[in-house]
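S.K.: Quick one: this structure, given as structure tokens, is what I'll be asking you about.
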Amino acid sequence: MRLPSLAIAVVLVAAAPAPAQTPVETARGLLKQYQEDPTRIDRARDLLEAAVARGAGSDVPTLLALTRAWFLYAEERAKTPDARITAYERARDLAKRATELAPKDADAHLWYAITLGSWSHAKGLLHSALALRNLRREVDVVLALDPNNIEAHIMAGSIARELPVLLGGDRRESEDHFKTAQRLDPRLTGVRIELAQLYINMGRYAEARRELLSVLNEKAPTDRPRWTLKEVPRARQMLESIRDKS
Numbered sequence: 008m009r010l011p012s013l014a015i016a017v018v019l020v021a022a023a024p025a026p027a028q029t030p031v032e033t034a035r036g037l038l039k040q041y042q043e044d045p046t047r048i049d050r051a052r053d054l055l056e057a058a059v060a061r062g063a064g065s066d067v068p069t070l071l072a073l074t075r076a077w078f079l080y081a082e083e084r085a086k087t088p089d090a091r092i093t094a095y096e097r098a099r100d101l102a103k104r105a106t107e108l109a110p111k112d113a114d115a116h117l118w119y120a121i122t123l124g125s126w127s128h129a130k131g132l133l134h135s136a137l138a139l140r141n142l143r144r145e146v147d148v149v150l151a152l153d154p155n156n157i158e159a160h161i162m163a164g165s166i167a168r169e170l171p172v173l174l175g176g177d178r179r180e181s182e183d184h185f186k187t188a189q190r191l192d193p194r195l196t197g198v199r200i201e202l203a204q205l206y207i208n209m210g211r212y213a214e215a216r217r218e219l220l221s222v223l224n225e226k227a228p229t230d231r232p233r234w235t236l237k238e239v240p241r242a243r244q245m246l247e248s249i250r251d252k253s
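Heads up: the sequence shown begins at 8 in the working numbering, then just goes up one per residue.
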């Protein structure tokens, strides 16, 4: 008599509907392989904007997922400079709101730093010393909250590379941050590009080539969409720019 009961239980479990995904979970799924269909970025953004409009505007995971969607829209989908700036600005404001709601959340501060830097760059402000110092302050907050934050180390390395020495720029510090990021995630190809740029700035062309070739030869990049759409083309362009330099 127990076998039929067990069979009925199995059927009932199999027939039970799977738990509905949250908007954040659905958006993350859409963005996982967005290089295969960039319109997934638009769908993720619209889904999360709808969630915010329904009352999720104080939910930090939703705000950060929407920040990422707007950032990717600016990077991959915006057709004009003005549209790109508007998208970065929306992403920046969302991330800023997340830092206000969760001042000890390293990811919130990281995304605020990323979007602030991207917006500043699009506006032509990033090379000003004041903008770089403000950005560095935010990156320092991330590293204080999470000393092993890979993206924060990459940003800190980039800032130390770009700032003039008199204003705190330090190529040794820059290299140390990039090397730390590499140690924490050896397959994150973006850091190799940034390190290669440092080596180019320093005239260390053989080391730059080594990093750029490793980007092209990576078989399992941590961020495959960005590797496919951004980093492989950039690595090839940078290799070409130093082809005759020794």
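Every residue gets a Cβ at the ideal spot worked out from N, C-alpha and C, and that includes glycine.
Since this is a predicted model, take the numbers as computed values, not measurements.
#1: At which residues does the alpha helix (DSSP H) containing residue 80 begin and terminate?
#2: Tell me, to the nearest whole angstrom, how far the beta carbon of residue 321 is from that of residue 230; I am working on the premise that it is less than 8 Å.
#3: How big is the Cα-Cα spacing for residue 228 and residue 173?
#4: Could you compute how far the alpha carbon of residue 92 sits from the alpha carbon of residue 129?
#5: Assuming residue 70 and residue 105 are in contact, meaning their beta carbons sit under 8 Å apart, how far apart are those beta carbons, in whole angstroms?
#6: Does the segment 167 to 182 come within contact of the segment 211 to 222, defined as at least 3 CB pairs closer than 8 Å?
#7: Nearest to residue 140 by CA position, among 207, 51, 165, is which residue?
#8: How is the alpha helix (DSSP H) around residue 58 delimited, first residue to last?
#9: Skipping 5 residues on each side, what residues in its chain have a beta carbon closer than 7 Å to that of residue 84?
#10: Between residue 270 and the rest of its own chain, which residues show a CB-CB distance below 7 Å, the 5 nearest in sequence each way excluded?
#11: Taking DSSP as the reference, what is the three-state secondary structure of residue 195?
#12: What are the boundary residues of the alpha helix (DSSP H) that includes residue 124?
#13: Look up residue 176 in the DSSP assignment and say whether it is helix, strand or coil.
#14: Using C-beta distances below 7 Å, list every residue in its chain close to residue 187, excluding the 5 sequence neighbours before and after it, in chain order.
#15: Going by CA-CA distance only, name the one from 157, 180, 54, 64 that's closest to residue 107.
#16: Taking the alpha carbon of residue 220 as the point to measure from, which residue in 243, 205, 236 has its own alpha carbon closest?
#17: Throw me the rounded Cβ distance for the residue 58 and residue 76 pair, which I believe falls under 8 Å.
#18: Can you tell me whether residue 253 is helix, strand or coil according to DSSP?
#19: What distance in whole Å lies between the Cβ atoms of residue 113 and residue 335, which are believed to be in contact at a cut-off of 8 Å?
#20: Which residue's Cα is closest to the Cα of residue 205: 162, 234, 239, 224?
#21: How far does the alpha helix (DSSP H) with residue 88 in it extend, from its first residue to its last?
#22: If I measure Cβ to Cβ from residue 34 and keep anything under 6 Å in the same chain, skipping five residues before and after, which residues do I get?
M.R.: So, from the data block:
#1: Working through the sequence shown from its first residue, we reach residue 80 at position 73. Its alpha helix (DSSP H) spans residues 67 to 83.
#2: There is no way to answer for residue 321, as the model of the chain reaches only from 8 to 253.
#3: Position 221 of the sequence shown, counted from the start, is the residue given in the question as residue 228. Position 166 of the sequence shown, counted from the start, is the residue given in the question as residue 173. Straight-line Cα distance between these residues: approximately 36 Å.
#4: Against the sequence shown, residue 92 aligns to sequence position 85. Against the sequence shown, residue 129 aligns to sequence position 122. The alpha-carbon atoms of residue 92 and residue 129 are separated by roughly 6 Å.
#5: As a working mapping, residue 70 is identified with position 63 in the sequence shown. As a working mapping, residue 105 is identified with position 98 in the sequence shown. Cβ-Cβ separation between residue 70 and residue 105: approximately 4 Å, consistent with a contact (criterion under 8 Å).
#6: Counting C-beta pairs closer than 8 Å gives fewer than three between the segment 167 to 182 and the segment 211 to 222, which falls short of the contact rule.
#7: As a first step, residue 140 must be located in the sequence shown, where it is residue number 133. For residue 140, the nearest C-alpha among the options comes from 165.
#8: Within the sequence shown, residue 58 is the residue found at index 51, counting from 1. Start and end: 46 to 58.
#9: Looking up residue 84 in the sequence shown gives position 77. Cβ within range, chain order: 45, 48, 49.
#10: Residue coverage of the chain in this structure runs from 8 to 253, which leaves residue 270 outside it and unanswerable.
#11: As a working mapping, residue 195 is identified with position 188 in the sequence shown. The answer is coil: DSSP assigns residue 195 none of H, G, I, E or B.
#12: On the sequence shown, residue 124 is found 117 positions in, with the first residue counted as 1. Note, residue 124: alpha helix (DSSP H), 113 to 129.
#13: What you label residue 176 is simply residue 169 of the sequence shown in a count that begins at 1. Residue state, collapsed to three classes: coil.
#14: Translated into positions along the sequence shown, residue 187 becomes position 180. Only 160 meet the Cβ criterion.
#15: Position 100 of the sequence shown, counting from 1, holds the residue named residue 107. Per the Cα distances, 64.
#16: Numbered from its first residue, the sequence shown carries residue 220 at position 213. Ranking 243, 205, 236 by Cα distance to residue 220 puts 243 first.
#17: By 1-based counting over the sequence shown, the position of residue 58 is 51. By 1-based counting over the sequence shown, the position of residue 76 is 69. With 8 Å as the limit, residue 58 and residue 76 do not qualify as a contact, their Cβ atoms being about 11 Å apart.
#18: As a working note, residue 253 is residue 246 in the sequence shown. Three-state result, residue 253: coil.
#19: For the chain, the structure presents residues 8 to 253; residue 335 sits outside this window and is missing.
#20: For the purposes of this step, residue 205 is identified with residue 198 of the sequence shown, where counting begins at 1. Residue 205 has its Cα closest to that of 162, out of 162, 234, 239, 224.
#21: As a working mapping, residue 88 is identified with position 81 in the sequence shown. Note, residue 88: alpha helix (DSSP H), 88 to 108.
#22: For the purposes of this step, residue 34 is taken as residue 27 along the sequence shown, with counting starting at 1. Excluding positions up to five away in sequence, the list reads 51, 54, 55, 72.
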